[in-house]
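S.K.:
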Amino acid sequence: MTFTLTGKGRPGTSIADFHYEYDGRVLRHWEKGINQRMTLAGTVLRAADHGSGASVARAGQTASFLAVKRDAA
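Using my numbering, read the sequence shown as starting at 841 and increasing by one per residue.
1. Could you pull the start and end residues of the beta strand (DSSP E) that Phe843 belongs to?
2. Tell me whether Gly864 is buried or exposed, calling it buried when 16 or more other Cβ atoms sit within 10 Å of its Cβ.
3. Relative to the ligand MN, is the shortest distance from any of its heavy atoms to the C-beta of Leu867 smaller than 7 angstroms?
4. With a CB to CB cut of under 7 angstroms and the five nearest residues on each side skipped, what residues in its chain are close to Ala856?
5. To which residues of the same chain is Val896 closer than 8 angstroms at the C-beta, ignoring the five residues directly before and after it?
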């Protein structure tokens with residue numbers, strides 16, 4: 841299973857101008873695996889500049905990500 845997500849900052853907060861695009865997939869669940877957790881893996885793109893002055897983060901940067909489901913609380 842694959843997915844594409846858009847993440848934008850919350851209006852009225854210090855991250856309101858953040859805009860990221862995510863592309864990934866759900867990793868395999870092994871039939872004989874023990875204590876596995878759902879894991880998402882993929883890449884993320886900074887889709888728009890954010891910040892200002894000397895601390896501006898420029899659009900175009902990419903990175904890999906892993907997201908692992910936590911135990912239920």
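Even for Gly, the Cβ is constructed at its ideal location relative to N, Cα and C.
M.R.: In short, the structure shows the following:
1. Here the beta strand (DSSP E) through Phe843 covers Thr842 to Lys848.
2. Counting Cβ neighbours within 10 Å, Gly864 comes out buried, since at least 16 surround it.
3. Although the ligand MN was asked about, the structure shown includes no ligands whatsoever.
4. Sequence-distant Cβ neighbours of Ala856 in its own chain, meaning closer than 7 angstroms and more than five residues away, are Gly849 and Arg850.
5. Cβ neighbours of Val896 within its own chain (closer than 8 angstroms, five residues either side excluded): Asp889 and His890.
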